[in-house]
Amino acid sequence: QVHLVASGGGLVQPGGSLRLSCAASGSIFSRSTLRWYRQAPGKQREFVAFVSTGGVTNYEDSVKDRFTISRDNAKNTMYLQMTSLKPEDTGVYYCNMILGGEMYWGQGMQVTVSS
């Protein structure tokens, strides 16, 4: 059984930074592709960032150069470092892990960017 436990959400002012973490149980983490998604109020869940097993990353255009996804296989943990946050980054953030067609989600975390 795989569980993802996310942490690090909260309230931050525009221009501020926040780091989200997502810790995974089980032994498949290092062989899994990892993603972050978010869902703004009244909108559908959208892709934010991706990191492959080999460390290749990809980002949604609006977060490029502001967000950094990373993984620590020794700790079974993925991260999303968010800088220069904007009010439009507000939403519920979800971590996601995929291996061999199986998909796992962490619980959503609220990120609010507001003054």
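Under my numbering, the first residue of the sequence shown carries the number 1192, and numbering increases by one thereafter.
Ideal Cβ placement from N, Cα and C applies to all residues, glycine included.
Burial state of residue i, where buried means 16 or more other Cβ atoms lie within 10 Å
i, result
"SER1223", "buried"
"ALA1197", "buried"
"ASN1287", "buried"
"VAL1242", "buried"
Alpha-carbon spacing of residue i relative to residue j, whole angstroms
i, j, result
"GLY1299", "GLY1206", "22 Å"
"VAL1283", "PHE1258", "16 Å"
"THR1268", "ALA1214", "4 Å"
"VAL1239", "TYR1270", "12 Å"
"LYS1255", "THR1274", "10 Å"
"GLN1230", "ASP1280", "9 Å"
"HIS1194", "GLY1233", "27 Å"
"SER1221", "SER1253", "28 Å"
Same chain, Cβ closer than 7 Å to residue i, five either side skipped, listed in chain order
i, result
"VAL1203", "LEU1209, LEU1276 and VAL1304"
Beta-bridge partners of residue i, as assigned by DSSP
i, result
"GLN1298", "Bridge partners of GLN1298: none, in fact."
"PHE1258", "MET1273"
"GLY1201", "VAL1302"
Close beta carbons around residue i, own chain, < 8 Å, minus the five adjacent residues each side
i, result
"GLU1251", "GLU1237, PHE1238, VAL1239 and ALA1240"
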